[in-house]
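S.K.: Sharing a structure with you now.
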Ligand SMILES: [Zn+2]
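Residue numbers (my numbering): 420 to 520.
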């Protein structure tokens, strides 16, 4: 009987405080991450290149479908340029249309 009681014990106040501090730290880190420019092409001032297949593979999911803007963090301008680059690279058979990476 005692074991079952121990399972449902209420956590102490100090533990709750520690959890709160951890959560605040995480949110601060997230805000720091969101502060800068999200688009990698704008941030590093590089151009979209259809020959850079390594970069294009990072902007695609494992089935070689392009990730949405919300996911890879590109701005509207660079997302449309990446779309064109991926289409061109597929046409030149640098990257596949579908399949596993
Ligand atoms: Zn951009």
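Note that CB positions come from ideal geometry on N, CA and C, so glycine has one too.
On the premise that residue 475 lies in contact with residue 514, defined as a C-beta separation below 8 Å, what is that separation, rounded to the nearest angstrom?
M.R.: 6 Å
S.K.: By a C-beta neighbour count over all protein chains shown, 10 Å radius and 16 as the cutoff for buried, is residue 512 buried or exposed?
M.R.: exposed
S.K.: Under 8 Å by Cβ, that's how I've got residue 504 and residue 467 pegged, so tell me the actual separation to the nearest angstrom.
M.R.: 5 Å
S.K.: Would you mind reading off the limits of the alpha helix (DSSP H) that contains residue 457?
M.R.: It is not in any alpha helix (DSSP H) - residue 457 carries neither H nor E in the DSSP assignment.
S.K.: Using the C-alpha atoms, what's the distance from residue 447 back to residue 492?
M.R.: 19 Å
S.K.: Measure from the alpha carbon of residue 461 to the alpha carbon of each residue in 439, 510, 501 and 431, then state which is nearest.
M.R.: 501
S.K.: Can you tell me whether DSSP reads residue 461 as helix, strand or coil?
M.R.: It is helical.
S.K.: So the candidates are 497, 489 and 516; which of them puts its Cα closest to the Cα of residue 482?
M.R.: 516
S.K.: Look up residue 494 in the DSSP assignment and give the residues it is bridged to.
M.R.: Answer is none; residue 494 lacks a bridge partner.
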